[in-house]
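Just so you know, the sequences run in chain order A and B. All residue numbers for the first sequence refer to the numbering used here, where the first residue is 1 and numbers rise by one. All residue numbers for the second sequence refer to the numbering used here, where the first residue is 297 and numbers rise by one.
There are 2 protein chains.
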Amino acid sequence: MKAGVKCIPCTVRAALDMAEKASNDERKALIILRKTLWFLSAVDSLEKTPAELHTTVSRIVKEVTGNPDPFKSIKEECNKRALKLASSLTKMVNNLDRLERLKVMFKASVYGNAMDFEVEDYDFKLEEFESNLAKCLDRDPIINDLDELLVLLKNSERIIYLLDNAGEIVFDKLLIQEVTQLFKCKIVAVVKQSPVLNDVTVEDASMVGLPDICEVISTGEDRIGVHLDTSSPAFKEALRTSDLVIAKGQGNFETLTEYRSIIKKPICHLFRVKCKVVSNYMKVPVNTDVISVWKP
Amino acid sequence: MKAGVKCIPCTVRAALDMAEKASNDERKALIILRKTLWFLSAVDSLEKTPAELHTTVSRIVKEVTGNPDPFKSIKEECNKRALKLASSLTKMVNNLDRLERLKVMFKASVYGNAMDFEVEDYDFKLEEFESNLAKCLDRDPIINDLDELLVLLKNSERIIYLLDNAGEIVFDKLLIQEVTQLFKCKIVAVVKQSPVLNDVTVEDASMVGLPDICEVISTGEDRIGVHLDTSSPAFKEALRTSDLVIAKGQGNFETLTEYRSIIKKPICHLFRVKCKVVSNYMKVPVNTDVISVWKP
Numbered sequence: 001m002k003a004g005v006k007c008i009p010c011t012v013r014a015a016l017d018m019a020e021k022a023s024n025d026e027r028k029a030l031i032i033l034r035k036t037l038w039f040l041s042a043v044d045s046l047e048k049t050p051a052e053l054h055t056t057v058s059r060i061v062k063e064v065t066g067n068p069d070p071f072k073s074i075k076e077e078c079n080k081r082a083l084k085l086a087s088s089l090t091k092m093v094n095n096l097d098r099l100e101r102l103k104v105m106f107k108a109s110v111y112g113n114a115m116d117f118e119v120e121d122y123d124f125k126l127e128e129f130e131s132n133l134a135k136c137l138d139r140d141p142i143i144n145d146l147d148e149l150l151v152l153l154k155n156s157e158r159i160i161y162l163l164d165n166a167g168e169i170v171f172d173k174l175l176i177q178e179v180t181q182l183f184k185c186k187i188v189a190v191v192k193q194s195p196v197l198n199d200v201t202v203e204d205a206s207m208v209g210l211p212d213i214c215e216v217i218s219t220g221e222d223r224i225g226v227h228l229d230t231s232s233p234a235f236k237e238a239l240r241t242s243d244l245v246i247a248k249g250q251g252n253f254e255t256l257t258e259y260r261s262i263i264k265k266p267i268c269h270l271f272r273v274k275c276k277v278v279s280n281y282m283k284v285p286v287n288t289d290v291i292s293v294w295k296p
Numbered sequence: 297m298k299a300g301v302k303c304i305p306c307t308v309r310a311a312l313d314m315a316e317k318a319s320n321d322e323r324k325a326l327i328i329l330r331k332t333l334w335f336l337s338a339v340d341s342l343e344k345t346p347a348e349l350h351t352t353v354s355r356i357v358k359e360v361t362g363n364p365d366p367f368k369s370i371k372e373e374c375n376k377r378a379l380k381l382a383s384s385l386t387k388m389v390n391n392l393d394r395l396e397r398l399k400v401m402f403k404a405s406v407y408g409n410a411m412d413f414e415v416e417d418y419d420f421k422l423e424e425f426e427s428n429l430a431k432c433l434d435r436d437p438i439i440n441d442l443d444e445l446l447v448l449l450k451n452s453e454r455i456i457y458l459l460d461n462a463g464e465i466v467f468d469k470l471l472i473q474e475v476t477q478l479f480k481c482k483i484v485a486v487v488k489q490s491p492v493l494n495d496v497t498v499e500d501a502s503m504v505g506l507p508d509i510c511e512v513i514s515t516g517e518d519r520i521g522v523h524l525d526t527s528s529p530a531f532k533e534a535l536r537t538s539d540l541v542i543a544k545g546q547g548n549f550e551t552l553t554e555y556r557s558i559i560k561k562p563i564c565h566l567f568r569v570k571c572k573v574v575s576n577y578m579k580v581p582v583n584t585d586v587i588s589v590w591k592p
């Protein structure tokens, strides 16, 4: 999907937010803002995806500050906290049958996408998140193509699973375990080659033990979402040979919608709708969860 | 005061906000955003006041959309609602002695600056505002130079009163009445010559009957706050011949601080601190009220 006019102020705001995470030097923040303004005034923003706009800003921030991973400590904290929650989640589903457990894990994975550990005032409360997690067992996403997805899973030998943020990767791991136990399929999980925002890299995957249960590859770059023109041959090959794409998060949604005619296979998007632009595109309210299957 | 880095994303956000108020045409919004990005990338934003940045955007919006007063309906609504509240306020102070009434009116005037009728979802509740208005009688501003101000009022023959937004002008009118009844002074009230944001113009002053109780002049232009290099001779003369300046709102604060060495007379600022940049400058939290006297 292409950016909307609202993406322009959002990108400038994100530039300052990232700048402040990457460095305490206000002069560098000003340079980052100026470079962002130049970039946004020079391109046709509405011909880009929102993910591309934010990717460029992320690169500007890393270049100007010399900080290769401004979200490093936030990501580690997210992973640690989510790992603690994982045992609560597995206890919750312990007495359910296999299929019900899988359904719960799908909901939990989408709910995980809503976790925001990196808000400015950092008032995340573990207890609240746990009680909300329990509620999510009883609530269906506002777009819920789970039954359709289960049929696709049954008929897929190879699945490519595009990960999104640190923290939620713990729930993705639990989901991947359930899927591979219930269906005869091979899952390849995809991380970013190098840091961009709080997206997971190989390091995060290792931290939560993902390589123990499935193959982990990277897109080959530091871009939000998917960019077939620049991503690695290994990633493109994994995408080409898969029967089904499962994609977490808005970044993967914003970019994969641009490649539907090339990918030509079912894509399942799992995410929390977090902004007006995506909300308008999806025709659902902001702060709602979706399990949305697209088929060619 | 000069802008901070936070003023840059704020100005871009404001550009889209104003664009959407001025026109339903998304292409025009994009042109406005691009012109804003160009402007911000071409100037040293941190050498400008925040008011100057927003003034430029306001002019871009009016030029691109051809809408000379994007906040016209909002201002009218603000004035109407505040006029209804005025009778509640006068009833509240009815039994107080003159000095106490004046003190309450000062607090009410500052509180009026906090009124925000123009939030996107417009969920302003008259009843809530009324009950909060009552509470403001018992609460002192976080910076409270009111006693110092009373001494200045006693010793001033001519006072220039710089108005800010529609709606709150109703409370300013009540305050001006109290001041002129208690002290032997002449007050000249200052509005904007032509529309900028929801700042009051001669039209708003007339709508609430301000010319019935004091002289009303304009700055001679459509800028937020005060700009002595471009404002009208009449305004500069009124400023020069006054003994005391009373200035409502952040815009007047942001710009008058730049002219203290020229003005060389006491300035009293009455406003709600609404953003981080001013909050840092004033060393008080956001969403707090101030009655702050500066003396040469």
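Just so it is clear, CB atoms sit at the ideal spot from N, CA and C, and this is done for glycine as well.
If you follow the beta strand (DSSP E) that residue i is in, where does it begin and where does it stop?
| i | result |
| --- | --- |
| Lys-344(B) | Neither: Lys-344(B) is in no beta strand (DSSP E) and is coded neither H nor E. |
| Lys-186(A) | 186-191 |
| Arg-158(A) | 158-162 |
| Ile-246(A) | 244-248 |
Going by CA-CA distance only, name the one from the options that's closest to residue i.
| i | options | result |
| --- | --- | --- |
| His-350(B) | Asp-441(B), Asn-440(B), Asn-494(B) and Arg-377(B) | Asn-494(B) |
| Arg-260(A) | Gly-4(A), Gly-112(A), Pro-68(A) and Val-293(A) | Val-293(A) |
| Lys-482(B) | Asp-436(B), Val-573(B), Val-496(B) and Glu-511(B) | Glu-511(B) |
| Met-503(B) | Asp-525(B), Asn-576(B), Lys-469(B) and Leu-429(B) | Lys-469(B) |
| Thr-476(B) | Leu-379(B), Gly-463(B) and Ile-455(B) | Ile-455(B) |
| Pro-9(A) | Pro-70(A), Val-277(A) and Leu-102(A) | Val-277(A) |
| Lys-532(B) | Glu-517(B), Gly-545(B), Met-297(B) and Lys-544(B) | Glu-517(B) |
| Met-411(B) | Lys-399(B), Leu-429(B), Thr-352(B) and Asp-539(B) | Leu-429(B) |
| Asn-113(A) | Val-273(A), Asn-280(A) and Lys-283(A) | Val-273(A) |
| Thr-551(B) | Ser-384(B), Leu-398(B), Tyr-407(B) and His-565(B) | His-565(B) |
| Lys-295(A) | Leu-149(A), Arg-34(A) and Glu-77(A) | Leu-149(A) |
| Asn-155(A) | Pro-195(A), Asp-69(A), Gly-4(A) and Leu-182(A) | Leu-182(A) |
| Asp-441(B) | Lys-431(B), Leu-459(B), Ile-465(B) and Lys-399(B) | Lys-399(B) |
| Lys-403(B) | Ser-384(B), Lys-344(B), Thr-345(B) and Phe-467(B) | Phe-467(B) |
| Leu-152(A) | Thr-219(A), Lys-80(A) and Leu-244(A) | Leu-244(A) |
| Leu-333(B) | Thr-361(B), Cys-303(B), Thr-345(B) and Leu-381(B) | Cys-303(B) |
| Glu-373(B) | Ile-465(B), Val-580(B) and Ile-439(B) | Ile-465(B) |
| Ile-563(B) | Met-297(B), Lys-358(B), Leu-506(B) and Tyr-457(B) | Tyr-457(B) |
| Met-105(A) | Ala-247(A), Ile-60(A), Ile-176(A) and Leu-228(A) | Ile-176(A) |
Note the first and the last residue of the continuous alpha helix (DSSP H) segment covering residue i.
| i | result |
| --- | --- |
| Lys-317(B) | 303-318 |
| Ala-108(A) | 98-114 |
| Lys-331(B) | 322-338 |
| Leu-535(B) | 529-537 |
| Ser-502(B) | 498-503 |
| Val-216(A) | Counting along the chain, Val-216(A) falls outside any alpha helix (DSSP H), though it belongs to the beta strand (DSSP E) covering 215-218. |
| Leu-175(A) | 168-182 |
| Asp-443(B) | 442-450 |
| Leu-83(A) | 72-93 |
Of all the CB atoms in chain C, is at least one closer than 8 Å to the CB of residue i?
| i | result |
| --- | --- |
| Pro-366(B) | Note that chain C does not occur in the displayed structure, where the protein chains are A and B. |
Given a threshold of 16 other Cβ atoms within 10 Å of its Cβ, counted over all protein chains shown, does residue i qualify as buried or as exposed?
| i | result |
| --- | --- |
| Arg-394(B) | exposed |
| Arg-139(A) | exposed |
| Ala-338(B) | exposed |
| Ser-131(A) | exposed |
| Asp-419(B) | Residue placement at Asp-419(B) cannot be trusted, given a pLDDT of 48 that sits under 50; what the coordinates show is reported in the next sentence. With fewer than 16 other Cβ atoms within 10 Å, it is exposed. |
| Gly-463(B) | buried |
| Asn-24(A) | exposed |
| Asn-391(B) | exposed |
| Asp-164(A) | buried |
| Asn-79(A) | buried |
| Thr-386(B) | exposed |
| Glu-414(B) | Note on Glu-414(B): pLDDT 44, under 50, position unreliable in the model; the coordinate value appears next. When all chains shown are included, Glu-414(B) counts as buried. |
| Ser-73(A) | exposed |
Closer than 8 Å by beta-carbon distance: list the chain B residues that pair up with residue i, in chain order.
| i | result |
| --- | --- |
| Ser-41(A) | Arg-330, Leu-333, Trp-334 and Ser-337 |
For a contact meaning CB atoms closer than 7 Å, what does residue i contact in chain A?
| i | result |
| --- | --- |
| Leu-326(B) | Val-5 and Leu-46 |
| Val-308(B) | Ile-8, Pro-9 and Val-12 |
May I ask you to check if the CB of residue i is nearer than 7 Å to at least one heavy atom of the ligand MN?
| i | result |
| --- | --- |
| Glu-511(B) | As for the ligand MN, it is missing from this structure, which has no ligand bound. |
Name the chain B residues whose beta carbon is nearer than 7 Å to that of residue i?
| i | result |
| --- | --- |
| Glu-26(A) | Val-301 |
Output, in chain order, the set of chain A residues within a Cβ distance shorter than 9 Å of residue i.
| i | result |
| --- | --- |
| Leu-312(B) | Val-5, Lys-6, Ile-8 and Pro-9 |
_Length-filtered (4 minimum) alpha helix (DSSP H) runs lying within the region 259-289 of chain A_ = Here the runs fully enclosed are 260-263 and 276-282.
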